[in-house]
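Participant:
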Amino acid sequence: MNSVFKKDLYRYYGESGEPFLKKVFRPLEIKYISVFRKANMCRFLPLKLFYMLRLLNLSYRTHIQIPERTSIGEGFYIGHLGRIIIHPDAKLGKNINIATGVTIGMENRGKRKGAPQISDNCWIGTNAVIVGNVKIGSDVLIAPLTYVNFDVPDHSVVVGNPGRIIPKENATKDYICNCI
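Structural data, given as structure tokens:
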């Protein structure tokens, strides 16, 4: 658990590591990720329940709703505090950036019934919505205010509502910093 959280911290602070004052007064988004990782990986039931209660408390304070059973790879980065909702069945890869207002949800019926799978090195902009059993490839930038309910290939930018795919090599270059 500790190594995964260190990789999350690396996304925030890079090689310099977490400054002493930031360790004492951690921003709420980093506290949320820390408690999420503890609740997600803990197997000792009383301690897991404690972390789940702390996660619930932080959810009320931060408006971030990521259930402890959600699968999220190392290097997870929350850009700002604000409403973020991720379905527990969603799967997120490594080095994912999420901005305020993002919803990653499930479709309950139809051909896309299920939750999204997001690969590595994805940047998801403010108020973007990703729903259904869709696969988002690696190196994908989802622009702010974009609605995605379809598969997105690797090395793409998705813009608009309805979303439109624009192929682009290094789509997340300069958007995702301190990758591991």
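In short: position in the sequence shown from 1, add 240, done, that's this note's numbering.
Quick reminder that beta carbons are idealized off the backbone N, C-alpha and C, glycines included.
State the beta-bridge partners of Y317 as determined by DSSP.
Facilitator: In the sequence shown, counting from the first residue as 1, residue 317 sits at position 77. Answer is N337, bridged to Y317.
Participant: Quick check: the Cα distance between G319 and M292, rounded to an integer number of angstroms?
Facilitator: Counting from one through the sequence shown, the residue named residue 319 turns up at place 79. Counting from one through the sequence shown, the residue named residue 292 turns up at place 52. If I take the Cα positions, the gap works out to 23 Å.
Participant: Could you check where the beta strand (DSSP E) with V369 kicks off and where it finishes?
Facilitator: In the sequence shown, residue 369 corresponds to position 129, counting from 1. Run containing V369: 369-371, per the beta strand (DSSP E) assignment.
Participant: How is L381 classed by DSSP in three states: helix, strand or coil?
Facilitator: Along the sequence shown, read from residue 1 onward, the residue named residue 381 stands at position 141. Strand.
Participant: Work out the CA separation of I304 and K413 for me, nearest whole Å.
Facilitator: For the purposes of this step, residue 413 is identified with residue 173 of the sequence shown, where counting begins at 1. For the purposes of this step, residue 304 is identified with residue 64 of the sequence shown, where counting begins at 1. Taking the straight line from one Cα to the other gives about 26 Å.
Participant: Which residue or residues does DSSP assign as beta-bridge partners of P393?
Facilitator: Within the sequence shown, residue 393 is the residue found at index 153, counting from 1. Answer is none; P393 lacks a bridge partner.
Participant: Pop quiz: G313 and D360 are said to be a contact at Cβ under 8 Å. What is the actual Cβ separation, rounded to whole angstroms?
Facilitator: In the sequence shown, residue 313 corresponds to position 73, counting from 1. In the sequence shown, residue 360 corresponds to position 120, counting from 1. Contact holds; Cβ gap of about 7 Å.
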